[in-house]
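In terms of the numbering used here, the sequence shown opens at residue 2 and continues consecutively.
Glycine included, every Cβ here is placed at the ideal spot set by N, Cα and C.
Please read all numbers here as calculations on a predicted model, not as lab measurements.
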Amino acid sequence: MDKELKSVNDRNTGDGTQDVKQRMEELIRLIEYHNNRYYNMDDPEISDYEYDQLYLELTNLEQAYPQLKRKDSPTQKVGGIVKRELKKVVHDVPVISLQDVFSKNEVIQFVERIRQELRDPVFVVEKKVDGLSVVLRYHEGNLTEGITRGDGEIGESVYENLLVIPSVPKTIPAKLPYLEIRGEIYMSFEAFEKANRKQEETGGRVYQTARNLAAGTMRQLDPNIVRERGLDIFIFNLEICQGREFNSHLETLKWLEDQGFPVSPGYVACRTAEEVWEAIEHIEKTRWSLPYGIDGAVIKVDNLQDRILLGMTSKVPRWAAAYKYPPEQKETVVEDIHIQVGRTGRLTPLAILKPVKIAGTTVSRASLHNQDYINSKDIRIGDTVIVQKAGDIIPEVLKVVPEKRPRGKTQPFFIPDTCPMCGSKAVREENGADIRCIGANCFAQAVRKVIYFASKDAMNIEGMGPSSVEALMTQGYIEDFADIYALADYRDELIERGIVGKEKATDNLLRAIENSKQNDIDRLITGLGIRNVGRQSARVIAQHFPDIKSIKNASYEQLIALPDFGEIMVGDILEFFARKETAILLEKLERAGVNMKSYSVDKKQDNRLEGKVFVLTGTLPGMTREQARELIQSYGGKVSGSVSRKTSYVLAGKEAGSKLNKARELNIPVISEEDLMNMLT
Numbered sequence: 002m003d004k005e006l007k008s009v010n011d012r013n014t015g016d017g018t019q020d021v022k023q024r025m026e027e028l029i030r031l032i033e034y035h036n037n038r039y040y041n042m043d044d045p046e047i048s049d050y051e052y053d054q055l056y057l058e059l060t061n062l063e064q065a066y067p068q069l070k071r072k073d074s075p076t077q078k079v080g081g082i083v084k085r086e087l088k089k090v091v092h093d094v095p096v097i098s099l100q101d102v103f104s105k106n107e108v109i110q111f112v113e114r115i116r117q118e119l120r121d122p123v124f125v126v127e128k129k130v131d132g133l134s135v136v137l138r139y140h141e142g143n144l145t146e147g148i149t150r151g152d153g154e155i156g157e158s159v160y161e162n163l164l165v166i167p168s169v170p171k172t173i174p175a176k177l178p179y180l181e182i183r184g185e186i187y188m189s190f191e192a193f194e195k196a197n198r199k200q201e202e203t204g205g206r207v208y209q210t211a212r213n214l215a216a217g218t219m220r221q222l223d224p225n226i227v228r229e230r231g232l233d234i235f236i237f238n239l240e241i242c243q244g245r246e247f248n249s250h251l252e253t254l255k256w257l258e259d260q261g262f263p264v265s266p267g268y269v270a271c272r273t274a275e276e277v278w279e280a281i282e283h284i285e286k287t288r289w290s291l292p293y294g295i296d297g298a299v300i301k302v303d304n305l306q307d308r309i310l311l312g313m314t315s316k317v318p319r320w321a322a323a324y325k326y327p328p329e330q331k332e333t334v335v336e337d338i339h340i341q342v343g344r345t346g347r348l349t350p351l352a353i354l355k356p357v358k359i360a361g362t363t364v365s366r367a368s369l370h371n372q373d374y375i376n377s378k379d380i381r382i383g384d385t386v387i388v389q390k391a392g393d394i395i396p397e398v399l400k401v402v403p404e405k406r407p408r409g410k411t412q413p414f415f416i417p418d419t420c421p422m423c424g425s426k427a428v429r430e431e432n433g434a435d436i437r438c439i440g441a442n443c444f445a446q447a448v449r450k451v452i453y454f455a456s457k458d459a460m461n462i463e464g465m466g467p468s469s470v471e472a473l474m475t476q477g478y479i480e481d482f483a484d485i486y487a488l489a490d491y492r493d494e495l496i497e498r499g500i501v502g503k504e505k506a507t508d509n510l511l512r513a514i515e516n517s518k519q520n521d522i523d524r525l526i527t528g529l530g531i532r533n534v535g536r537q538s539a540r541v542i543a544q545h546f547p548d549i550k551s552i553k554n555a556s557y558e559q560l561i562a563l564p565d566f567g568e569i570m571v572g573d574i575l576e577f578f579a580r581k582e583t584a585i586l587l588e589k590l591e592r593a594g595v596n597m598k599s600y601s602v603d604k605k606q607d608n609r610l611e612g613k614v615f616v617l618t619g620t621l622p623g624m625t626r627e628q629a630r631e632l633i634q635s636y637g638g639k640v641s642g643s644v645s646r647k648t649s650y651v652l653a654g655k656e657a658g659s660k661l662n663k664a665r666e667l668n669i670p671v672i673s674e675e676d677l678m679n680m681l682t
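In structure tokens, the structure reads:
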């Protein structure tokens, strides 16, 4: 999408109306496109600041030309739509956005308008944490539901995912009939970096911002993934409270804090416009030292009755506003451009920058994404560029400073048409922007493929991390992931050479490899690394086909009929199984004794645990907790991360912790591994 759009004011117009209308149509198209990227795909292409400028321009044009304003304009609705995979829930209170302001003058105008309508109002200034807005519902002190914003009227239930976030209270002291509060799910910088390191190690998608990853994580259908990602929450508003009355927002925040909720941190009460602006400036000065991302400050009227008097417009409350900080930008120099080769063969250009401090950290490299990105900005080695952090997290080259380009010393940069790792031909995707190595024997691709195959989300071979894989492949023990299953033949040699460690480490790895042969085929399908097929899609395939052979022979019509399978994914699956090298790999895996049949299909009609919710705690004698979770799910049951009144059974092993005590308090049945197996036989 073209981000460098010209303003209407720069155009030559007759009476201007036609050009204004065209510009408004263009802005609506852009905003709706970027809304979808942000809210529904969790993969924005532009920064929040750039989006805000597009939105502000459309708002101003609609105010200046009301006769041209469309009823379906993005300014009249919330950006997100409900996804199909999660249960729809109607909001009790519409989840609305706030009016955005971008300057000190706009802040003062907002405050003074309120002061003219109210008598000596108090304002509360809070940090605007950058995450995913959710609504929590409590009945009689127990968490009963959690909902995303969705389209503002209908959201998605993420209750199961909220149960595994430690900072979300599952019960509170006040046993009120009904309590509804609103908060922001976020991911700390530390958790974000840890999650992205894991993605890189396993060859998965690397997220651009903590907000994207937090939002994507909350939409996962597997709570175990949510548990691993280390999400947190801040509560910033009380929506409904039955059984108790409050006079002010400050009073509600203090009460919520007493109930065990982590509330909006460092909020400040102010009375004048100058005090409000000072609070906003203080947040901006300290924002880079915070362990989480913020994208602004929120100004709210404190008195709850005053909020009712002020009311709201057709879209935003008149008693609150959000000040958006512009991203910090710095000049630096592109010292070089390197090409990285990913698991799928994608060639990604990486700008090596002269180190510069931005948003609290030193930046020395930035992804240039693809050739189109380089061409649109005309980025060259030796250029002085403006750099910022998208979402204050991911470094990006914003633009070149042309007047500082060394004369006659730079050349346009082109991604090579050969792979820098293996020398094979690299070609551009049809109808796409990526350039990929098509070499069947590319070492860089091969290493990442094996790492991904062995990763926790795929075959879950513990001890086979990136360093072990690279060492084994460099030394010639592995050429592809099927060779993993021949490593036992080299046990003594591996121990002697210490390639993956001494005797204990080597034997542990070989044992993990042997155990992985019994995995259900959803893990094998994941590990094969088919483009656009992740763990959830692999599970769907495993539930509908009895074995790998039937998947290999599946038709387009069979695959497109699977839940949520689209043409692109189906095309990638068909293309993958049509390759000769795939047939060779599968034959090697089958000869090695790797399971090729679906356990899920065998139990497809046996949903005897449907409607039952299990919580696992302690060490089980005959299986890992991951194996127990998959067993329960294969019979239609659900596994939750915490005990609540909705829990059907607690499966307890040795050294069971607080979950066991909680189960006894709530009179939840506690069962052993033997009891579980008796249920299934």
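In the three-state reduction of the DSSP assignment, Pro622 falls in the coil class, being assigned neither a helical nor a strand state. Between the region 170–188 and the region 231–245, the count of C-beta pairs closer than 8 Å reaches three or more; the two stretches touch. Note on the region 380–409: whole beta strand (DSSP E) runs with a minimum of 3 residues are 385–391, 395–401, in chain order. Beta bridge pairing from DSSP links Val451 with no other residue. With contact defined as three or more Cβ pairs closer than 8 Å, the region 147–157 and the region 252–269 are not in contact. Taking 8 Å as the cut-off, the Cβ atoms of His545 and Leu563 count as close. Rounded to whole angstroms, Glu666 and Phe454 show a C-alpha spacing of 43 Å. Runs of the alpha helix (DSSP H) lying entirely within the region 229–315 and spanning at least 4 residues, in chain order: 250–259, 274–287, 305–311.
Beta-bridge partners of Glu674 (DSSP): none assigned.
Counting the other CB atoms within 10 Å of its CB gives Phe124 a total of 16 or more, which places it among the buried residues. Annotation: Tyr636 to Asn509 spans about 30 Å, alpha carbon to alpha carbon.
Contact check for Val317 against Arg308 fails: the beta carbons are separated by 8 Å or more. With 16 or more other Cβ atoms inside 10 Å of its own Cβ, Glu127 counts as buried. For Met25, there is no enclosing beta strand (DSSP E); the enclosing alpha helix (DSSP H) has its first and last residue at 18–36. Under the DSSP definition of a beta bridge, Asp337 partners with Ile353. Along the length of the region 118–170, whole alpha helix (DSSP H) runs at least 4 residues long occupy 160–163, reported in chain order.
Looking from the CA of Leu62, the closest CA among Ala472, Thr76, Asn213 belongs to Thr76.
Taking C-beta separations shorter than 8 Å and ignoring five residues to either side along the sequence, the partners of Glu258 in its chain run Val264, following chain order.
The three-state reading of DSSP puts Pro318 in strand, counting E and B together. In the DSSP assignment, Ala513 is bridged to no other residue.
Contact check for Phe615 against Gly638 passes: the beta carbons are separated by less than 8 Å. The beta carbons of Met465 and Val448 sit no closer together than 8 Å.
In this structure, Lys457 is the residue among Leu652, Lys457, Leu560, Ser425 with its C-alpha nearest to the C-alpha of Ala513.
Here DSSP, grouped into helix, strand and coil, assigns Ala323 to strand. Put simply, the backbone Cα of Leu351 is about 39 Å away from that of Trp278. Of the candidates Leu610, Glu329, Gly477, Met25, the residue whose Cα lies closest to the Cα of Ala65 is Met25. When Cβ pairs closer than 8 Å are counted between the two stretches, the region 127–138 is seen not to touch the region 106–115, the count staying below three. Put simply, the backbone Cα of Ile395 is about 11 Å away from that of Asn213. Asp493 has no beta-bridge partner at all, per DSSP.
The Cβ atoms of Val227 and Asn162 sit closer than 8 Å to each other.
Looking at the DSSP output, Gly184 shares a beta bridge with Val135, Ile236. Scanning its chain for C-beta atoms nearer than 8 Å, with the 5 sequence neighbours on each side dropped, one finds around Asp573 the residues Ile531, Arg532, Asn533, Val534, in chain order. Checking the DSSP bridge columns, you'll see Phe615 partnered with Val640, Tyr650. By the neighbour-count definition (other C-beta atoms within 10 Å, threshold 16), Gly409 is an exposed residue. Per DSSP, the continuous beta strand (DSSP E) segment holding Val428 begins and ends at 427–429.
Rounded to whole angstroms, Gln330 and Arg406 show a C-alpha spacing of 18 Å.
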